[in-house]
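Okay, so here's the structure we're looking at.
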Amino acid sequence: MPKYLIEASYTSEGVGGVADKGGSARRDAVDALIASMGGKMESFYFAFGDADVYVVAELPSDEAATGLALSINRSSSTKIKTVVLLTPEQIDAAAKLAPEYKPPGT
């Protein structure tokens, strides 16, 4: 299954929800949401910095990942960014498929 990095940022409403219910409850809710899409959560971490939460998850397809993002981003408490993760072997395979590129002016 494809693997994704999900970066979540909370609004003040989202931070309030985490403060009220706790971090473990939020992790469990995200795990259940990913499972409902046919996926599996690999890791869940709260963080300091640009994002409040980082999740690594396997999902069945890009369409499933997009559906998950649409579901979460329509709320007013959380905004996410989804990054497709590739293995070194996938990069090896992509390199074999890469056509020759001619830059402008050549």
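Yeah, the sequence shown ends on 105 if you go by numbering that gives the first Met the number 0, and it's all consecutive. Every residue gets a Cβ at the ideal spot worked out from N, C-alpha and C, and that includes glycine.
Can you check whether the CB of residue j is closer than 8 Å to the CB of residue i?
i            : j             : result
serine 70    : glutamate 12  : no
glutamate 62 : glycine 38    : no
aspartate 51 : tyrosine 3    : no
aspartate 49 : methionine 40 : no
Whole angstroms is fine: what's the gap from residue i's alpha carbon to residue j's?
i            : j             : result
alanine 46   : glutamate 88  : 29 Å
arginine 26  : alanine 64    : 17 Å
alanine 93   : glutamate 99  : 13 Å
threonine 86 : isoleucine 33 : 21 Å
Going by DSSP, what residues sit across from residue i in a beta bridge?
i         : result
serine 23 : Per DSSP, none; premise fails for serine 23.
Does the ligand MG have even one heavy atom less than 7 Å from the beta-carbon of residue i?
i          : result
alanine 63 : Absence of the ligand MG is noted for the structure shown, with no ligands found whatsoever.
How is the alpha helix (DSSP H) around residue i delimited, first residue to last?
i         : result
lysine 95 : 87-96
Determine the extent of the beta strand (DSSP E) in which residue i is found, giving its start and end residues.
i        : result
serine 8 : 2-9
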